[in-house]
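87 is the number of the first residue of the sequence shown in the numbering used here; add one for each residue after it.
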Amino acid sequence: MQAALGHFQSSLHSNKTKQKDIMNTTEFERDSMAFDVVIVGAGIAGLSAAIRLKQLAAQQQREISVCVLEKGSEVGAHILSGAVIDPRALNELLPDWKALGAPLTRSVTEDRILFLTGQKSYRMPIVPPSFHNEGNYIISLGLLCKWLAEQAENLGVEIYAGFAASEILYHPDGSVKGVATGNMGVGKDGEPTDAFQPGMELWAQQTIFAEGARGSLTKQVIERFHLDKAAQPQTYGLGIKEIWEVPPEQCQPGLVIHTVGYPLDSKTYGGSFVYHLDDNQIALGLVVGLDYQNPYLSPFEEFQRLKLHPAIRPMLEGGRRIAYGARALVEGGLQCLPKLAFAGGVLVGDCAGFLNVARIKGSHTAMKSAMLAAEAVFPLLESDTEKQPAHGKTAARYQGLFEQSWLYQELHAIRNIRPAFKWGLIPAMMYTGLEQYVFKGRMPWTIAHHGTDAGSLHPAKEYTPIEYPKPDGKITFDRLSSVFLAGVSHEENQPAHLQLRDPALAIDLNYAQYASPETRYCPAGVYEIVQQSGGKPRLQINAANCLHCKTCDIKDPAQNITWTCPEGGGGPNYSAM
């Protein structure tokens with residue numbers, strides 16, 4: 087990867103484009119490079135698309151150039167998932183993955199489903215079909231992405247970590263031309279520092295957006311091309327995860343536990359997972375649907391309460407927490423999928439919304455969507471790599487390939503399960519049983535979702551503040567000590583990447599009507615209300631704490647907060663999450 091990075095920095099296209107810094111009047115020239123395909127994001131979807139493109143080129147004895155940009159400091163730095171993976175898509179992409187040394191070594195040995203009340207747990211006698219994990223593996227998705235990056239580079243894919251794609255480039259006709267990386271060395275005041283380096287333009291015949299849930303550039307292309315015009319509003323969940331090292335007698339490698347009920351109330355969608363790994367490690371997490379109504383609810387504090395439950399605490403007692411992280415995940419399913427292709431580009435993986443929420447699995451679906459996209463994009467690539475097209479073509483075949491695939495069938499069969507939870511926990515569980523055991527996914531109807539997550543929050547006056555217990559420093563912890571374990575690092579002297587459309591709304595609306603929910607839904611303590619002289623409140627944004635989970639961009643009731651890419655390489659540094 088270092089050799090590729092040197093090539094990226096030195097082998098520049100001769101064309102230079104004059105640009106004006108959007109933060110001031112400074113003019114500068116940006117260098118550009120041309121590729122056949124540029125992929126934004128080195129997650130499991132982006133890397134799978136890159137590998138599949140190179141495989142197709144090899145089959146036809148063609149040479150194509152594929153570039154993958156990753157905003158994290160290295161591949162895997164921003165990757166966080168449960169994760170239990172269904173290897174179906176991996177079997178298709180790299181059938182010999184075992185011989186190649188893929189980090190899938192711990193197979194699932196047992197599934198358990200628990201219903202939790204305040205002090206008790208009830209094991210369900212039958213595990214629903216969507217939770218059957220025979221043949222699946224408990225993995226670190228970050229490690230899998232690192233391995234996929236190696237496979238991609240072996241095929242000739244160029245991967246550049248630490249470079250955030252911050253701008254979409256367009257042809258004169260409005261089609262996507264590529265992306266530009268963010269400027270480096272811009273100070274908090276918006277002025278270039280002595281370390282200033284302008285971003286670089288990466289031109290492509292096709293641009294594949296694989297940014298993950300709520301991608302900042304994906305939001306822009308969806309709006310520009312009206313890709314969600316026929317879709318329902320996307321709905322999200324916030325996943326919070328820790329990894330613990332525990333005494334050997336408390337770990338059962340291969341055991342997978344999922345829970346519903348406590349600590350969440352019956353109107354709040356969500357549940358927890360406990361995955362027993364090798365090396366006396368346990369991955370523990372809580373997913374909270376971001377359509378929750380109570381503005382006093384704190385997903386982070388609910389996670390701390392979960393760990394104190396009698397069914398969970400004994401597994402952690404005497405152990406030590408070694409990792410922490412959080413991220414948003416897409417839950418809307420088939421009803422919320424936008425149009426997948428547009429002039430000059432496509433959407434793959436979580437940025438489109440391919441997660442199977444009923445199975446709590448998105449890795450195999452992201453991989454399959456990326457493979458289908460690659461197969462639709464490849465025939466559009468001009469054989470003359472020196473020739474840059476004057477406009478971007480539309481990979482219209484992608485939609486049809488998706489609708490004819492097992493991926494579509496899988497998402498179609500479970501399309502009603504997530505929206506059913508707008509009726510409450512017990513009715514939804516009863517309905518889910520009806521669908522899975524009687525109709526087996528062949529219902530003649532489709533249930534609509536609740537609406538937007540931002541619009542789900544109710545005024546604070548309708549609720550009583552929730553008194554959460556103070557952290558004990560052994561099982562439960564505060565946000566700041568948790569963020570430390572995530573290895574978060576941002577260049578301090580840079581413009582805030584969390585932007586308020588109207589700063590006044592933070593107090594006039596959020597504080598006045600919703601008791602500043604951003605101070606609770608953020609799992610990293612980014613948002614804080616401080617009292618100024620005279621007792622007037624002010625919202626303080628501690629952007630350096632940001633885990634890049636995107637929850638604020640999703641849940642803010644006025645959609646007043648916009649998450650943008652900070653300087654490349656900033657954010658969490660997950661080692662094996």
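Every residue gets a Cβ at the ideal spot worked out from N, C-alpha and C, and that includes glycine.
With contacts defined as CB atoms closer than 8 Å, F428 and V307 qualify as a contacting pair.
Sorting S449, P334, A598 and D314 by C-alpha distance to the C-alpha of P545 places A598 at the top. DSSP places M457 in the uninterrupted alpha helix (DSSP H) bounded by S449 to V463. If you check the CB distance, E160 and A238 do not come in under 8 Å. In the DSSP assignment, K327 forms a beta bridge with G371 and G411.
Looking at the DSSP output, A429 shares a beta bridge with T480.
Straight-line spacing of the CA atoms in A131 and L186 works out to 19 Å. Inclusion of Y484 and L426 in the CB contact set at 8 Å is warranted, their separation being smaller than that value. Contact annotation: the segment 205-223 does not touch the segment 349-368, with fewer than three C-beta pairs closer than 8 Å.
The beta carbon of I254 sits closer than 7 Å to those of V262, V265, L303, Q306 and V307, all from its chain and outside the five residues before and after it, given in chain order.
M119 sits in a strand when the DSSP states are folded into three classes. CA-to-CA, the gap between Q320 and Y223 works out to about 28 Å. DSSP lists R209 and T345 as the beta-bridge partner residues of L200.
Contact between the segment 410-423 and the segment 139-154 is not established, with fewer than three Cβ pairs separated by less than 8 Å. In chain order, D377 and K508 place their CB closer than 6 Å to the CB of H536, counting only its own chain and leaving out the 5 sequence neighbours on each side. If you draw a straight line from the Cα of I533 to the Cα of I503, it comes to about 9 Å. Across the set S167, K636 and I343, the C-alpha of I343 shows the shortest separation from the C-alpha of V360.
E160 carries a coil assignment under DSSP once its states are collapsed to helix, strand and coil. The beta carbon of A644 lies closer than 6 Å to those of L591 and L595 in the same chain, with the five residues before and after it left out. In terms of Cβ geometry, V152 and D122 form a close pair [threshold 8 Å]. By the Cβ rule, the segment 280-300 counts as touching the segment 452-464, because three or more pairs are nearer than 8 Å.
DSSP places H362 within a strand segment (E or B) once states are collapsed to three. Bridge pairing for S193: Y223 [DSSP]. If you ignore the 5 residues before and after P551, its C-beta comes within less than 7 Å of the C-beta of Y382, all in its own chain and listed in chain order. About 5 Å separates the beta carbons of A610 and L633, which is inside the 8 Å limit, making them a contact pair.
Between D588 and N646 a beta carbon distance of about 6 Å is seen, short of the 8 Å cut, so the two are scored as contacting. A distance below 7 Å between beta-carbons, with the five flanking residues on each side excluded, links P475 to the following residues of its chain, in chain order: Q291 and E468. DSSP assignment within the segment 561-604 yields the following whole alpha helix (DSSP H) runs of 4 residues or more, N-terminal first: 565-571. In the DSSP assignment, F389 falls within the alpha helix (DSSP H) that extends over P385 to K393.
Per the coordinates, the alpha-carbon of T518 lies some 45 Å from the alpha-carbon of V616. Rounded to whole angstroms, R300 and C437 show a C-alpha spacing of 6 Å.
Between M663 and S226 a beta carbon distance of about 6 Å is seen, short of the 8 Å cut, so the two are scored as contacting.
For R399 against E331, the beta-carbon gap comes to about 16 Å, at or over 8 Å, which does not count as contact.
Linking G435 to G271 through their CA atoms gives a straight-line distance of about 31 Å. By the C-beta density criterion, N442 is buried, having at least 16 other C-beta atoms within 10 angstroms. In the DSSP assignment, R406 is bridged to E331.
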